[in-house]
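66 is the number of the first residue of the sequence shown in the numbering used here; add one for each residue after it. Think of the CB as a built atom: it goes at the ideal place given N, C-alpha and C, for glycine as much as any other residue.
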Amino acid sequence: MNTNKNVVLLKIGNNITQLRKSKGWTQEELAFECQLHRTYIGSVERGERNIAILNLFKIANALEVEVKEIIKQDSN
Numbered sequence: 066m067n068t069n070k071n072v073v074l075l076k077i078g079n080n081i082t083q084l085r086k087s088k089g090w091t092q093e094e095l096a097f098e099c100q101l102h103r104t105y106i107g108s109v110e111r112g113e114r115n116i117a118i119l120n121l122f123k124i125a126n127a128l129e130v131e132v133k134e135i136i137k138q139d140s141n
């Protein structure tokens, strides 16, 4: 597993983006559902922010997935 910070954050961001789009949601809709700001969601999806653990759980709950689906680093 790659532990390079930028690679890890980009992968988590990509996972969130894919899960959000699979629900047909915009960043604004996801932000509303997990009570976070839209710009925060955008910066997380772009891998620019080191996501807080509590926010990771908020996003997972909103997307109706387990946290492991967001943080997985494999290509599946």
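*What residue does the alpha helix (DSSP H) around L95 start on, and which one ends it?*
Sequence index remark: in the sequence shown, residue 95 carries index 30 (1-based). That run of the alpha helix (DSSP H) goes 92-99.
*By Cβ distance below 8 Å, which residues in the same chain neighbour Y105 in space, the five residues on each side in sequence not counted?*
Counting from 1 along the sequence shown, the entry for residue 105 is found at position 40. The answer, listed in chain order, is A96, R114, N120.
_Residues in the same chain with beta-carbon distance under 7 Å from K70, minus the five sequence neighbours each way, listed in chain order, please._
Against the sequence shown, residue 70 aligns to sequence position 5. Closer than 7 Å at Cβ, skipping near neighbours: no residue.
*Backbone secondary structure at Q138 - three-state DSSP*: Counting from one through the sequence shown, the residue named residue 138 turns up at place 73. Q138 falls in the coil class under three-state DSSP.
*Quick one, which of V109, E110, C99 has its alpha-carbon nearest V122's?*
Stepping through the sequence shown from its first residue, residue 122 is reached at position 57. A small correction: the amino acid at residue 122 is Phe; Val does not occupy that position in the sequence shown. Measuring from the Cα of F122, the nearest candidate turns out to be C99.
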